[in-house]
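Residue numbers (our numbering): 218 to 691.
Note that the Cβ used here is the ideal one computed from N, Cα and C, for glycine as well.
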């Protein structure tokens, strides 16, 4: 059987269109379920490189799937291309300098995420064809990871049911296997309805929805003492009831995000938050209703796949950064405090060292975990899933920052993106040529589901918050 290291050559051959794709997506940053131009760019690239394309996957206008190959196992590569609001920045500059326009920006590197996943899928497709190896490769372009839970809706629609294994990654300042844990979460909008009144002449006739929301916040703050230390609760006012203090506010909408390391713990904590909301409504004689916006499961580990991916990191080594990259990275590090750099090292269990770029591979560890959330978690409950971390920015760069956006088209980003695509492609090749590896991954996955079956955090009656397609120019 052909050595899977040879698939790296196909990554290099396909890297130019992937880099062009990442830069093009960086230039058209779009938010949850509104990634029409980004999806169109990915669709066009898939078609041009020989994939069989399916549009509107799971009924989502900005989801796309490309498939290639015949027979054998189905290996999926998960891509994303959604951006974040208020985080645009000029490329390559060492200052906060938003670009003109809507001010959206790829501050989580998803322009790179989708492009590297496509690159890995394209290279594996070509490797299979050149070596006459049966197997099917799929690239899933997935919308709305940033809170919209696009993959969670795709899982609910069954689009991964015939997949044998899934592979993804995330841009970061380090290189290695993605720690196989994250926080399950749910987003709930609570609406308090009261009764308006003149706040001075007849305050006794009013029933304040704003009071109810504030009392809810106080109750949840007391709840924080009595929940798991790894759980998280956040909130934001969507409608605070108006700007007139001489009116008793009759309607307030507040959004809560509830997170926990385990799906069951998150669902239980969300119910406790609901009880606090009900109590606040009772105290203020208002009514409260809720609407679930989205939800995500926690990541389910798959040690056989994580060990296989780590073996590829050991063979390939760290990204090929050079002295010019390191000089540039040190300049970027001057834009944030030393504490950010120290925190970055601590977050991955390392003692800070004097290097601006990840010229090493993180050791494989099952203990570290992300305190963020990802809808890849829902995929991981459906099929064995593994993720990589790819170093695409200087050490200390915070996700969801203007510095991350500014580095999105840099040489460092491009090198890190191509490097992690090689890891993903080789891991996919391992799964196709090594039946025992895939069998071990499936067995491990099945055993975990026996302990805790998957429960979608999104009820069947909840639909994604789809955005209208932009009108075509005449």
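Of the residues assessed, residue 547 falls on the exposed side of the cut-off, its CB having fewer than 16 other CB atoms within 10 angstroms. Nearest in C-alpha terms to residue 645, of all of 589, 438 and 380, is 380.
Put simply, the region 389-402 touches the region 605-616. At least three CB pairs are less than 8 Å apart. Cα atoms of residue 477 and residue 436: separation of roughly 19 Å, rounded to the nearest angstrom. Excluding sequence positions up to five before and after residue 562, its CB lies within less than 6 Å of the CB of 569, all in the same chain and listed in chain order. Around the beta carbon of residue 639, a 10 Å sphere encloses 16 or more other beta carbons of the protein chains shown; the residue is thus reported as buried. One thing to note: residue 471 has its Cβ within 7 Å of the Cβ of residue 430.
Of 613, 600 and 567, the smallest CA-CA separation from residue 573 is found for 613. Distances from the CA of residue 439 to each of 399, 489, 474 and 410 were compared; the closest alpha carbon is that of 489.
For residue 450, the pairing in a beta bridge is given by DSSP as 475. With a threshold of 16 other beta carbon atoms within 10 Å, residue 460 falls short and is exposed. Taking 7 Å as the cut-off, the Cβ atoms of residue 383 and residue 596 count as close. The Cβ atoms of residue 298 and residue 264 do not sit closer than 7 Å to each other. For residue 353, the three-state secondary structure derived from DSSP is strand. In the same chain as residue 371, and ignoring 5 residues on each side of it, the C-beta atoms closer than 6 Å to its own belong to 275, in chain order. In the three-state reduction of the DSSP assignment, residue 384 falls in the strand class. Scanning its chain for C-beta atoms nearer than 6 Å, with the 5 sequence neighbours on each side dropped, one finds around residue 487 the residues 403 and 475, in chain order. Taking each of 497, 590, 543 and 441 in turn and checking the Cα distance to residue 400, the smallest one comes out for 590.
A direct Cα-to-Cα measurement between residue 685 and residue 266 gives close to 29 Å.
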